[in-house]
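Since the structure comes first, as C-alpha cells, the remarks are kept for the end.
Structure, rendered in C-alpha cells:
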C-alpha cells in the first residue's frame, strides 16, 4: 500500500471528490497541508486577504454552479474563528463548503498553546459536522464522510481541524482505490405527490412558491415544466429568484416585507392554495403568519423533515429532495393533462400578469444627487439576461431585488438568512472564479463595500474581472430607516469631510482612490445620464484589464425604500408610484392604467 502524509492523502481526496479550486490564507499550523497542495497539483488556490473573505469566496464558488463545493483553508486559532461567519452564512442558506483549519500539536491542545482553540466546538452549531482529527489514520475517513454529509439531505458546510502533527504523520493510503460515498436524499412517494396535485386541482387560485432548494437540487427546469403543464403562477423566493425568468408569463413576482414586488404581494393575497417547494417560509417572506396563511391551504415539500411544521403546520408536508419531488409532479401532471383532468388556470394566470402591468414602482428620477431607483433602472439597460448579480444585505440589496430583473437560476446570488456586511466582494470573487467568462455584477452599499474592501486586491492579483456597482449615500441606510420607529438617527451617519478629497463634500471615504490603490479600476458617477455610459465603460475595462471595476454612484443621503415591518398586506410606499410608462421604462411589463 502506498504511504504518504495524512495531509497529502487529504489533498488527493479533495481532487477525487471534484474539488478544483480552493481559497485561503496559509499559516504555520496549516503549512504541511499547503506543502501537499503544492506537491500534488490539480487544485488551484486563491490567496485571500482575510480568512473570513476566503470562506465567503468558497460560498460564492459553490453557489455559482451546480455540483461545486467551495473549499476554504486557514491556520489555527483566529483563522478558524474568522471563518465562523462564512460557515454560519453557508448553513443558513444550505450551501456546502468545506473549511479546513490547522491546529496546534495534539500533545498541547489542553495546554493553552499558541493559537490553540477548540474550533470544532465553536463551529458545531454552524456546521453539519466539525471534527478535530486526533489520529492520522482517520483523515481519509473524515474527509470522505465530510463530502458525504455536505451532499446528503439538506446541504451544508463541514469543518475539519487538522493538528500539525496529524498532517505530518505518514499513513497507508492508495488514492486509486478511493471512492466517494453514495449520496442519500429523501424522495417523495407517488402517493404523496398525487395527493398534493389533487389538493392543487381542487383550488381556484393556486400559486407555487419556489425556494432555493430547487436551485440547490438543480431542478429549475422541472419546476418550470410543472408550472407550464398546470398553468399555475409561480412566486419565487429571494433565494429561488431566477428559477423561471422574470418575464415568464407565469412569474407572479416576489412576496415579502422587503424584497418584494407590489404585484407579487397582491397576487399572493388573492391566492387560495400554496404549494411551497424547497423553501423555508422565511420571516421576511411571510411577515405576520395570520395574514400570510389566512384563507389558504398549504402543501410544503422540503428535503429536511424537521423543517416541515417549523414555522407553521402545512395541510400536507412531504419530506423530499426537490428534484425527486418535481420529477413526480411533472409525471402526474402530464398524465392528468393527457386525460383532460387539469383545471384551466388561464384566467387566474392572466390576472396575475394584469397586476404586474399595473402595480409598479417608479424608477425614473432625474434628481442630483442620484436617487437609487435610477441606478437600478440603468443597470437593467446595461446588464442583460446572462448577468449574475451578487449581493448581501441593506437598502441596496432590498431596492435591487425590487427593481432589477433576473432570468436564470444562480443568477441572483444572495446571502439570504445571515446577511453579513462585507460578504459581497469576496463572494463575487468566488462566483467569478467559478464562471470566469460570465458577466458578473456585484451590488453594495458603501458600508458593505468598506467591510472587506481589501479583498479587491485578490481580484487584481489573480485577475478576476467583474463589475461592482457601489451606491454611496454615506449612511447605514437600512438601519437609519429602521431607527425611524425609535425617532432617532443615531450612530448611522458615515459622513465626514475628507481632507485629501475635498471635492467629495461630506461623503467621506474616497472609494476611487482606495480602489485604484488596490490595483483595480473605478468610475464615479454623480449625474443620472452618466450611469449607462459608466456601466458600459466598466464592462470594457473589466474585459481589457481582467480586474474588478467599481462604478460608484453618489446618492442622495436619505431615501426610504418600500417595506413593511409587520405584514405583506401593509407595505409602506415612501416614494411616488409609477402612473405612466415613462416612470418605469425598464419594467418587465409596460405599465398600463389600473
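Residue numbers (this note's numbering): 47 to 640. Beta carbons are placed, not taken as given, at the ideal position from N, Cα and C, and that holds for glycine. If you're wondering where the values come from, they're calculated on a predicted model, not measured in any experiment.
Based on the DSSP output, what are the partners of residue i in its beta bridges?
i, result
"residue 204", "144 and 175"
"residue 239", "Residue 239 pairs with nothing; no bridge assigned."
"residue 553", "542"
"residue 322", "255 and 346"
"residue 514", "488 and 596"
"residue 70", "93 and 119"
"residue 209", "149"
"residue 50", "217"
"residue 416", "601"
"residue 459", "436"
"residue 567", "595"
"residue 646", "One cannot answer for residue 646 here, as it falls past the ends of the chain, which runs 47 to 640."
"residue 521", "539"
In its own chain, which residues sit with a C-beta less than 8 Å from the C-beta of residue i, not counting the 5 before and 5 after it?
i, result
"residue 588", "511, 512, 513, 567, 594 and 595"
"residue 128", "96, 97, 98, 101 and 120"
"residue 335", "357 and 358"
"residue 251", "316, 317, 318, 319 and 394"
Please list, in chain order, all residues of the same chain as residue i whose beta carbon is under 6 Å from its beta carbon, the five residues on each side excluded.
i, result
"residue 398", "279, 298 and 313"
"residue 204", "144, 173, 174, 175, 192, 195 and 196"
"residue 403", "635 and 638"
"residue 56", "185 and 189"
"residue 485", "432 and 433"
"residue 509", "592"
"residue 230", "198"
"residue 622", "408"
According to the neighbour-count rule (16 or more other Cβ atoms, all chains shown, within 10 Å of its Cβ), is residue i buried or exposed?
i, result
"residue 620", "exposed"
"residue 612", "exposed"
"residue 304", "buried"
"residue 352", "exposed"
"residue 300", "buried"
"residue 557", "buried"
"residue 420", "buried"
"residue 423", "buried"
"residue 531", "exposed"
"residue 448", "buried"
"residue 47", "exposed"
"residue 533", "exposed"
"residue 58", "buried"
"residue 551", "exposed"
"residue 482", "exposed"
"residue 223", "exposed"
"residue 219", "buried"
"residue 414", "exposed"
"residue 548", "exposed"
"residue 236", "exposed"
"residue 326", "buried"
"residue 246", "buried"
"residue 87", "exposed"
"residue 527", "buried"
Below 8 Å on the Cβ atoms is my contact criterion, and I expect residue i with residue j to pass it. Report the Cβ-Cβ distance as a whole number of Å.
i, j, result
"residue 68", "residue 89", "6 Å"
"residue 106", "residue 459", "7 Å"
"residue 54", "residue 82", "4 Å"
"residue 644", "residue 571", "Residue 644 lies beyond the range of the chain shown here (47 to 640); nothing can be said about it."
"residue 383", "residue 275", "6 Å"
"residue 454", "residue 288", "5 Å"
"residue 350", "residue 199", "6 Å"
"residue 50", "residue 216", "7 Å"
"residue 268", "residue 345", "Rounded, the Cβ-Cβ distance is 16 Å, inconsistent with contact."
"residue 565", "residue 506", "3 Å"
"residue 463", "residue 138", "4 Å"
"residue 646", "residue 94", "It is not possible to answer for residue 646, since the shown part of the chain is limited to 47 through 640."
"residue 140", "residue 258", "7 Å"
Among residues of its own chain, excluding the 5 on either side of residue i, which ones have a beta-carbon nearer than 7 Å to its beta-carbon?
i, result
"residue 329", "none"
"residue 491", "440, 441, 442, 517 and 523"
"residue 308", "405, 406 and 407"
"residue 525", "538"
"residue 618", "608, 609 and 610"
"residue 457", "288, 433, 434 and 435"
"residue 373", "268"
Any beta strand (DSSP E) of 3 or more consecutive residues that is wholly inside the segment 571 to 640
594 to 600
Fully enclosed by the segment 86 to 167, which alpha helix (DSSP H) runs are 4 residues long or longer?
97 to 110, 124 to 128 and 130 to 138
Sequence ranges, alpha helix (DSSP H) only - wholly within the segment 421 to 455, length at least 4
441 to 449
Where are the alpha helix (DSSP H) runs, 4 residues long or more, that stay fully inside the segment 220 to 298, in chain order?
236 to 248, 258 to 262 and 266 to 276
For a minimum of 4 consecutive residues, which ranges assigned as the alpha helix (DSSP H) are wholly contained in the segment 324 to 388?
329 to 332, 335 to 339 and 368 to 384
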